[in-house]
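Quick notes on the structure that follows.
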Amino acid sequence: MDGAARAALRAATDAAHQRLHGLPGFVALAEGRIALPDYAVLLRRMLGFHAALESRLDAVEGLDTLGIDLAARRRTHLLRADLDWLGASAAVPLAPLPEIRGPAEAMGALYVAEGSTLGARQLARALDAVLPPGEAGRRFLIGHGERHGAMWRDCCAAIERCGVEPGARDAMIAGAAATFAAFEAWFTVPEAVPAA
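Numbering (the UniProt record's numbering), first residue to last: 1 to 196.
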């Protein structure tokens, strides 16, 4: 059963989440009709966003007290591996993200990042028409692999632990909303560097 803090996050960010599903690159990917050059552009955008987010989260103290091991949750190396396999450059600009002020806002941002791993596994299967069988080219979408379920449950438990603190739920919602907004903005501006 969902906890109260996670339910509040989901309710507050559902509209933004639904808008992201309608972004053209993600629609093409979900429908299994994305061309490999466009897939590389999408991965480059993801790298610019996730590298910036990982940097912001690394600067926040206190996440370990909530049971969050950021090093285990990093996925930018998976994006770089996918881009390398595709023969595309991983030299990308970082997305402009707002400052994350404290562990509660960080948990809101992490809710966005970790929540994206749920749908990403389905997107990995949608690539069957354009990629060979196996993990090559879709490591990022596969994400935490066999650890996926446990990682998501641990994240949800940390959200609930954080949400009992006074004011923390509002801060988590603010962090999640700001992260969704930054993600949407990053994916709706022209790519800043040419795809290689």
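Here a beta-carbon is modelled for each residue, glycine too, at the ideal position from N, C-alpha and C. All values reported here derive from a predicted model rather than from experimental measurement.
Just reading off the alpha helix (DSSP H) that residue i is part of, what are its end residues?
{"i": "residue 55", "result": "36 to 58"}
{"i": "residue 92", "result": "Here residue 92 belongs to no alpha helix (DSSP H), and DSSP marks it neither H nor E."}
{"i": "residue 188", "result": "Premise fails: residue 188 is in no alpha helix (DSSP H) and is neither H nor E."}
{"i": "residue 69", "result": "From DSSP, residue 69 is part of no alpha helix (DSSP H); its letter is neither H nor E."}
{"i": "residue 20", "result": "4 to 21"}
{"i": "residue 29", "result": "24 to 30"}
State buried or exposed for residue i, treating a residue as buried only when at least 16 other CB atoms are found within 10 Å of its CB.
{"i": "residue 87", "result": "exposed"}
{"i": "residue 118", "result": "exposed"}
{"i": "residue 269", "result": "Given a span of 1 to 196 for the chain in the structure shown, any question on residue 269 remains unanswerable."}
{"i": "residue 197", "result": "Outside the shown range of the chain, which is 1 to 196, sits residue 197, and nothing can be said about it."}
{"i": "residue 179", "result": "buried"}
{"i": "residue 65", "result": "exposed"}
{"i": "residue 92", "result": "buried"}
What residue from the options has the CA that sits closest to residue i's CA?
{"i": "residue 42", "options": "168, 137, 112", "result": "137"}
{"i": "residue 141", "options": "182, 104, 82, 164", "result": "82"}
{"i": "residue 33", "options": "47, 131, 68, 166", "result": "131"}
{"i": "residue 104", "options": "144, 61, 36", "result": "61"}
- Message: I'd like the ranges of any alpha helix (DSSP H) spanning at least 4 consecutive residues and lying wholly in the stretch 97 to 184.
- Response: You should have 103 to 126, 139 to 142, 148 to 163.
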